[in-house]
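Everything below concerns the one structure shown next.
Residue numbers (my numbering): 770 to 1902.
Written out as structure tokens, the structure reads:
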């Protein structure tokens, strides 16, 4: 800055000189005598500077000297000229002057030109400024009095007499204790007093270890350290420090405060909510500031805790408090941990206490105990499962986790619920001081009732308090409550609610309001002696009726707990419908419910009128019909029915059932319309009348046609040549050795069957509910050679069986069987038998037990197949299993116009006497609803409406699927009318569900497929079958973990294997799974299985953008996917 100003002054002076010379040269001829100009080249002069002064006259002069010039604040010397026109001199400024305005004045008098003409007046130079005053230190401001710690800054302001410019790093020396340090220059500051930058800032940062307790001191002068301090004129500053402020109280302390000692609470046991007070004494006075507060850490038991800062006392004592929290426990004494300063504790100098300080001099804390564990209910023992009646006691034992003491006016009580009604179990035992067990009792009252288990609501203190020895309030949450679902209350005596008379008066089923037993303690099976039968003949033909025995409805022996008792009747004579019976208890102390309530002796089944067992008949049983309109026999044919309580079920002509337009019924008279008879062939038309009891009568109608022939005129014959007789076209007849099809004793020539068509239907007329068709294997082989997909449909009024031409290849082990019997394929035939088992009591009982809500639709049909050795005409084996599902058809009643929503097809297992699911679909054939069953095995099949509903799936997203799956027998509820849709499904459960759903029978092996799947387990056969079918490929080791919940990705794997097993055609389009945000978590082994399930819409995710591959499969999801996969595979509607 200073050098730039000097250069500027020289440049401006040169311009003035150069500017003046041309004026002189140009105007000299016109100038007045002795005119002159004065130019000071350097118009700003400071200490040590001089300036060239140039005096220029208009012409040469004489008599001119320094005496002619008046110089303000300076002197001239060295006056000289070369031509007496331009004169120069040196201007030296006066010392210690600061004058901004100065001129040099020329007095012209006495200055003459060549003509000796004297000048007059004066001439003045340009202005020049003089600053020869040095800047000085006016005063020094020092830091505020106080303590300064390590890292703190000591600032000094040096106030100059005028603005200055600083270069380099000047400094001020300081004495801190015995150490000399330097406060270095930082910046120039503008002061408020002068409004200009006249203050210089010097700073020093206190270093650790420094100490000065009687005030720092400041040196006498500034040190430039090769720098400079100059004013604007370039004058060097005087470095003496004047008027330095007092530093006697500017103190330095860099010693960090430390902990001297800690005071702890008194030895005692402290409970929840109590305060633990601690005091920490520091080594020096401190202050606590800032938004964070210090903490004193504690170890209580194994838990880290913190006592919070409360206040400061006497400058250096810190108070901390910890409030004991629920759950705190320390039985061997707490420990004091560390002081956490949180940068909030400092001494007067600002020195912070260490972030973490370990206290010293801590007293013994081994007897400062903490117990904030509230006493809680460890368990509640409940009465044994069973039914309890009026007067019975229900005892409960509440065990606490530690001893408690109860205080209060009233005693505690246990609140229970019986059938939704609040009841109180009162305290019966257990002291109320320093005890951990409380016993309560409730005596069952008349009117109490609970058939799904009582509930324990709460332990009530009745306004009192329950505390442990320390004073912790007890937690009354009920824990580990015994299972009360089996604690049933029944104060209602069982009653007889009705009866059902069995077919043929064989038995009467007596219904009770609840399960009954032989003893008052709810055990034992009823015997016939517990009942009495009252018989009233009423003029009937039966002479006596007595109780033969009592059984279950399925014919098994009673075990106790049955709600329906089948009373088998011993009837002497044939009842005609006038006789009545009544079943009553033998007395009022022979039949009991589970709770021990006795059936009163006044109970009765009600009056039971025996069925008229006389066989119905028709009269007349024969008639004639003449198709000739003029004949007397050309009329409707009538017969009268004597029903004996039966009803007419149907009228059939062979296998064809007459329609309502073919006949009419009025009271007991049946009229066959002549329009129907006119369409019958001449001969005998046998109409079979079938009645509700199963018997039948035949009306034989002789049909004839006596219509007279119309005479035709005979023309005169014209002789014509007699042609040779044409050869007759022979009707193919089988040779004696040619195989034929035997249909219920009628032979069918296979050559008359058109095998270019997809199939042929053989209508077999049953005899006593049985129809058969025997087909030689060679005939089927010849059909297969010409049409591989050809099949024979055996049709009866109650069911059809589709027999494929390749039947022989579908029977496992057939070739081994032939070899064993030394037979060829042409030596065997297949005898297919269809039997109407609708009247089979054993099957009906199994149906009532297995499908209690089931309503049979159509007939109960047994499909059977024998392999016959045609050489000897004997059966060599039954064909009951096949490598391919065969189709069986059961027609529904003709008056059924709509199939119910909830129905299923079921296969009867002769071994277990149970019905199980089979795949089936409904279809209409010639206007009649039929059910097509696809099954790998022969058995008895039934189609039933099977309504299913669960209280906990109403309005559930999967309700429709769950109810449909239950109706078809794919899933079961959990009891009590519930399904528990959100319960997890185990691997074993789903493997069993899927194996059964595919309908491929049970496993043929006996070895365990996995180490943890043992014979005898309920799931052994199902898992073995699933393993054989390849459904369990997701299991990679020898352990199946049957009880482990099945994940959704594992379920996808199993379902994908099922799709592959059924060889479902799959389109090739790619389905993205990117919409599922959690798809990245799916196991790579299951990714394509999941993709396939999403593609087929069998699984669709658990939300809009989640699939939950690792999530557990629920009951609801299992039902949904079972229905969807069967629909996808075409195995159900």
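Where is the CB? At the ideal position from N, CA and C, for every residue including glycine.
The model shown is predicted, which means the values in this text are computed figures rather than measured ones.
Query	Result
Hey, could you find the ends of the alpha helix (DSSP H) residue 1729 is sitting in?	1728-1736
Where does the unbroken alpha helix (DSSP H) through residue 1796 begin, and where does it stop?	1789-1797
Report all residues from its chain with a CB closer than 6 Å to the CB of residue 1135; omit the five preceding and five following residues, and keep chain order.	1102
Does residue 1283 pass the burial test, meaning 16 or more other C-beta atoms within 10 Å, or should it be called exposed?	buried
Any idea if residue 1388 is buried or exposed, counting beta-carbon neighbours within 10 angstroms, 16 or more meaning buried?	exposed
Can you tell me whether DSSP reads residue 756 as helix, strand or coil?	The structure shown does not extend to residue 756, since the chain is modelled only from 770 to 1902, so the question has no answer here.
So residue 985 and residue 945 are in contact, right, with Cβ under 8 Å, and what is the actual spacing, rounded?	5 Å
Among 1779, 1177, 1776, 1826, which residue has its Cα nearest to the Cα of residue 1800?	1826
Quick one: using the 10 Å Cβ neighbour count with 16 as the cut-off for buried, is residue 1665 buried or exposed?	exposed
Based on the DSSP output, what are the partners of residue 1473 in its beta bridges?	1395
Exposed or buried, residue 1839, counting other C-beta atoms within 10 Å across all chains shown (16 or more means buried)?	exposed
So does the segment 1379-1399 actually touch the segment 1470-1478, counting three or more Cβ pairs closer than 8 Å?	yes
So what's residue 1299 in DSSP terms, helix, strand or just coil?	helix
Count the CB pairs spanning the segment 1149-1166 and the segment 1117-1134 that are closer than 8 Å, and state whether there are at least three.	no
Buried or exposed for residue 1487, please, with buried defined as at least 16 other CB atoms from any protein chain shown within 10 angstroms of its CB.	Note that residue 1487 has pLDDT 37, beneath the 50 cutoff, so the model's placement of it is unreliable and the number below is only indicative. Exposed, by the Cβ-count rule.
With distances taken between CB atoms, is the gap from residue 1259 to residue 1366 smaller than 8 Å?	yes
Might you give, ordered along the chain, the residues of its own chain that have their beta carbon closer than 6 Å to the beta carbon of residue 1459, omitting 5 neighbours on each side?	1418, 1419, 1465
Find out if the Cβ-Cβ distance for the pair residue 1178, residue 1228 is shorter than 8 Å.	no
In whole angstroms, what separates the C-alpha of residue 721 from that of residue 1576?	With the chain covering only 770 through 1902, there is no way to say anything about residue 721.
Straight-line CA distance for residue 1146 to residue 1812?	31 Å
Under the rule that 16 or more other beta-carbon atoms within 10 Å means buried, what is residue 818, buried or exposed?	buried
Please find out if some non-hydrogen atom of the ligand GDP comes closer than 7 Å to the beta-carbon of residue 1153.	Looking at this structure, you won't find the ligand GDP or any other ligand, since it has none at all.
Three or more C-beta pairs closer than 8 Å, one from the segment 972-979 and one from the segment 867-878: is that the case here?	no
Straight-line CA distance for residue 1537 to residue 1902?	34 Å
Give the C-beta separation of residue 1077 and residue 1107 to the nearest angstrom, bearing in mind that I take them to be a contact with Cβ-Cβ under 8 Å.	About 14 Å; that fails the 8 Å criterion.
In three-state terms, what does DSSP make of residue 751?	Only positions 770 to 1902 of the chain appear in the structure, and residue 751 is not among them; the question remains open.
Taking the alpha helix (DSSP H) that residue 1613 belongs to, which residues open and close that run?	1610-1619
Where do the ends of the beta strand (DSSP E) carrying residue 948 lie?	948-958
Comparing alpha-carbon positions, which option in 1219, 831, 1239 lies nearest residue 1254?	1219
From residue 928 to residue 909, what distance separates their C-alpha atoms?	6 Å
Closest by CA to residue 1247, which one among 1712, 1263, 1226?	1226
Counting along the chain, where does the alpha helix (DSSP H) carrying residue 1589 start and finish?	1583-1589
In whole angstroms, what is the alpha-carbon distance linking residue 1033 and residue 994?	58 Å
Give a yes or no on whether the C-beta atoms belonging to residue 1353 and residue 1268 are separated by under 8 Å.	no
Under the assumption that residue 1048 contacts residue 1020 (Cβ atoms under 8 Å), give the Cβ distance between them as a whole number of angstroms.	Rounded, the Cβ-Cβ distance is 28 Å, inconsistent with contact.
The alpha helix (DSSP H) with residue 1888 in it runs from where to where?	1884-1897
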